[in-house]
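Student:
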Amino acid sequence: MKASKITKIIEDNAPRNLAENWDNVGYQLGKKSAEIKKVLLTLDITDKVIDEAIENDIDLIISHHPFFFGSIKSIDLDSYKGKQIEKLIKNNITVYSAHTNLDKAENGINQLIAQKLGLKDIKPLSPDSVNNKYFKLVVYVPTDSVGLIRKVLEKFETGKVYDNYRNCTYLIEGTGTFEPINNANPTIGELNEIEEVKETRIETIINKNQINQILPELKKVH
């Protein structure tokens, strides 16, 4: 079974958009197309867990706490984290995490704990955090750079419509005009001259919790 098929089952029950903005859920390492025969579940990914996975020919580790919490700026294979990454990659082990999205999901960890405590009339303390709130994202980009923008959107699986479609976008081609002034350093055009460029307007929908993750990524490639 492909890793993507297994993780889809998780996300159907605990959608990633339920995760807190500071969280990092989903694929941590590996590839969605990996063929999975054995899965190991864990709270944290430690050296002991990795060694157990290697000894038992595990293809996919599903952890509750993310393997990566912050952004990665370098991978030093002599460091503690670097050695873990190296072992996982060399042994073709894919890593996936379901954290605060699994905590907050209906019939998720928080609800199960509340039920174990015998609580009644269980409701979310912050209802807005578990409701899907969507925004329209609109980006104007030179037509020959549309692919760069769409790669970012596909990375975050934006444009989800119902349960059966994702990466839905609407593209409108037109002409954009601008005049670089002052200290501008335009990729296209010259200072103090009006430039006309064939551009494409890209529209899609994103979840509220994706905003702080997607915008910085778009700015890197725009």
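First residue of the sequence shown? That's 1 in my numbering, and the numbers climb one at a time after it. Where a beta carbon is used, it is the ideal one built from N, C-alpha and C, also for glycine.
#1: Please tell me whether residue 222 and residue 109 are closer than 9 Å, where the distance is taken between their beta carbons.
#2: Does residue 7 pass the burial test, meaning 16 or more other C-beta atoms within 10 Å, or should it be called exposed?
#3: Can you tell which of 106, 47, 144, 92 has its C-alpha closest to the C-alpha of residue 122?
#4: Tell me the rounded alpha-carbon separation between residue 22 and residue 186.
#5: Report the rounded CA-to-CA distance for residue 155 versus residue 96, giving the unit in angstroms.
#6: How about residue 47 and residue 84: are their beta carbons less than 9 Å apart?
#7: Fully enclosed by the stretch 11 to 79, which beta strand (DSSP E) runs are 3 residues long or longer?
#8: Could you say if the stretch 31 to 44 and the stretch 110 to 119 meet the contact criterion of at least three C-beta pairs nearer than 8 Å?
#9: Report the option in 179, 199, 198 whose CA atom is closest to the CA atom of residue 190.
#10: Between which residues of its own chain and residue 161 is the CB-CB distance below 6 Å, once the five residues before and five after are set aside?
#11: Considering only the alpha carbon of each residue, which of 177, 200, 100 lies closest to residue 209?
Tutor: Quick answer:
#1: Not a contact, by the Cβ cut-off of 9 Å.
#2: Buried, since its Cβ has 16 or more Cβ neighbours within 10 Å.
#3: 106
#4: 33 Å
#5: 15 Å
#6: yes
#7: 26 to 29, 39 to 42, 60 to 63
#8: Touching, no.
#9: A check of alpha carbon separations from residue 190 across 179, 199, 198 identifies 179 as the nearest.
#10: 168
#11: 100
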